[in-house]
Amino acid sequence: MPVIEIAGKPVNVNEEGFLTSYDEWNEEIARELAKQIEIEMTDEHWKIIKFLRDDFKTQGETATSRRVQTVGGVPVKEQFVLFPKKPAKKMAYIAGLPKPKGCV
Amino acid sequence: MTPSIVPNFGSENSDRKLAIICSKGNLDMAYPGLILANAALGEGVETMIFFTFWGFDMITKSRMNDLQFSPAGNTAMHLPGHDMHIPQSVMPVPGMTAMATHMLKKQIAALDVPEVPDFLDQIVAAGGHLWACRMSADMNNLTMKELRDDVEGIISASDFIEMTDGAQLLFI
Chain A
1 MPVIEIAGKP VNVNEEGFLT SYDEWNEEIA RELAKQIEIE MTDEHWKIIK FLRDDFKTQG
61 ETATSRRVQT VGGVPVKEQF VLFPKKPAKK MAYIAGLPKP KGCV
Chain B
105 MTPSIVPNFG SENSDRKLAI ICSKGNLDMA YPGLILANAA LGEGVETMIF FTFWGFDMIT
165 KSRMNDLQFS PAGNTAMHLP GHDMHIPQSV MPVPGMTAMA THMLKKQIAA LDVPEVPDFL
225 DQIVAAGGHL WACRMSADMN NLTMKELRDD VEGIISASDF IEMTDGAQLL FI
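Just so you know, the sequences run in chain order A and B. The first sequence runs 1 to 104 under the working numbering. The second sequence runs 105 to 276 under the working numbering.
Structure below.
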C-alpha cells in the first residue's frame, strides 16, 4: 500500500487514496483531504465527519448516508448540499475511513 | 514516498442518467428499483423513476404502506437462512401472505433499510424524480391528489421516453 504525505505527515492510503489507518487521521489532514476534492469545511461538515469517526469506532464500519441521517441526525438532502454528488464516499474520504459497504 | 493520490469522484458535470421503470407492487419487487435508484443518486447519477401498473401502488397514498409479499409461485423461496425449500402446496394457506410479509419486513428493517414510503422520501431528498404513468392512473381512476405529493406529474409513456433521452434504462 502506498504512503503519501498529507499536511506534512506520512500517511498510509489505499490505491484510491483513502486512508487505511484510523489513527493516522487528524483534523489538519481532514482539511487537506477536503481541499483536494474542493470542499471547504464548515461547522456542518465537521459535525458529520466527527459523527462518522465516532460511529466507526463503535460499529467497525463506515456509516452509510442513511445512517448519517437516522443516527447522526443530518438529513440526506443536507448531505448532498455539503458533499455534492457523492456524499457517502466524500464524507468517508475526508473522515479517513473506508468507503461504506452498505447498499443503502 | 508516493506522490499524492486523490480519489476520482468523477466530473462534477457528468451527464450520466438512469431511468427506472417500476412495474411491480409486491413488497419484494418494490425494493430492487429503490435500492438501485438510491445507489445511483449516491453516485451523482441523475435518476428518474416511472411507476406503472402494479408499481403504481408504491406511490399511491392509500396503498403504499400496505405492500405485501407472497411466497406463492416463487420456487426460489426457502426458509430464511436455510437451503430447504418451502413446498408450493403450503403457500395458499390462510395467513401465509401476512406471515411472509411480516418476516420480510423484519429482515429488511434489520439491515436498516427503510420501508417503501420512507425510502422514496430519501430518494427524493437525494434529488430523484418520481413520475406516474398516465394509463395506470386512468385504469385505477387516480389523480395527483391520491399520489405522493412529491410525484412530479402523471405522464404518458412517450413523455417518459422523451424526457429520459440518453439515459440508461432498467425495467423492473
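Quick reminder that beta carbons are idealized off the backbone N, C-alpha and C, glycines included.
Beta-carbon separation (whole angstroms), residue i vs residue j, contact threshold 8 Å
| i | j | result |
| --- | --- | --- |
| Ile37/A | Lys90/A | 6 Å |
| Ala88/A | Thr64/A | 6 Å |
| Leu138/B | Ile227/B | 7 Å |
| Ile265/B | Ile125/B | Not confirmed; about 10 Å, so no contact. |
| Lys47/A | Val74/A | 7 Å |
| Gly231/B | Leu140/B | Contact flag wrong, Cβ pair sits at about 15 Å. |
| Glu256/B | Thr164/B | At roughly 15 Å, the Cβ-Cβ gap does not stay under 8 Å, so Glu256/B and Thr164/B are not in contact. |
| Pro221/B | Asn142/B | Their Cβ separation, rounded to whole angstroms, is 14 Å, which puts Pro221/B and Asn142/B out of contact at 8 Å. |
| Ala271/B | Ala123/B | 4 Å |
Three-state class that DSSP yields for residue i in the structure shown
| i | result |
| --- | --- |
| Lys85/A | coil |
| His45/A | helix |
| His182/B | strand |
| Trp235/B | strand |
| Val76/A | helix |
| Leu107/A | With chain A covering 1 to 104 only, the question about residue 107/A has no answer from this structure. |
| Leu171/B | coil |
| Leu19/A | strand |
| Thr70/A | helix |
| Ile39/A | coil |
| Ala58/A | Going by the sequence as given, residue 58/A is Thr instead of Ala. Thr58/A falls in the helix class under three-state DSSP. |
| Ile265/B | helix |
| Ile109/B | coil |
| Val194/B | helix |
| Ser118/B | coil |
| Lys90/A | helix |
| Ala63/A | coil |
| Ala176/B | coil |
| Ala241/B | helix |
Unbroken beta strand (DSSP E) run spanning residue i, endpoints
| i | result |
| --- | --- |
| Ile223/B | With the sequence shown as reference, residue 223/B is identified as Phe, and Ile is not the correct amino acid for it. Run containing Phe223/B: none in the beta strand (DSSP E); it sits in the alpha helix (DSSP H), 220-229. |
| Val255/B | 255-259 |
Cross-strand partners of residue i (DSSP beta bridge)
| i | result |
| --- | --- |
| His123/B | Per the sequence shown, residue 123/B should be read as Ala rather than His. Looking at the DSSP assignment, Ala123/B forms a beta bridge with Met152/B, Leu273/B. |
| His189/B | His182/B |
| Asn12/A | Val3/A |
| Leu251/B | Thr164/B |
Extent of the continuous alpha helix (DSSP H) run through residue i
| i | result |
| --- | --- |
| Ile163/B | Here Ile163/B belongs to no alpha helix (DSSP H), and DSSP marks it neither H nor E. |
| Tyr135/B | 131-146 |
| Leu33/A | 27-36 |
| Ile212/B | 200-214 |
Near the ligand ADP: residue i beta-carbon under 6 Å from a heavy atom
| i | result |
| --- | --- |
| Ser240/B | With respect to small molecules bound, the structure shown includes none, and the ligand ADP cannot be examined in it. |
Q: Could you say if the region 47-54 of chain A and the region 148-158 of chain B meet the contact criterion of at least three C-beta pairs nearer than 8 Å?
A: Taking 8 Å as the limit for Cβ pairs, the verdict is that the region 148-158 of chain B does not touch the region 47-54 of chain A.
Q) Is there contact between the region 4-20 of chain A and the region 79-86 of chain A, where contact requires at least three CB pairs shorter than 8 Å? A) no
Q: Determine, using beta-carbon pairs with one atom in the region 196-205 of chain B and one in the region 159-174 of chain B, whether at least three such pairs fall under 8 Å.
A: yes
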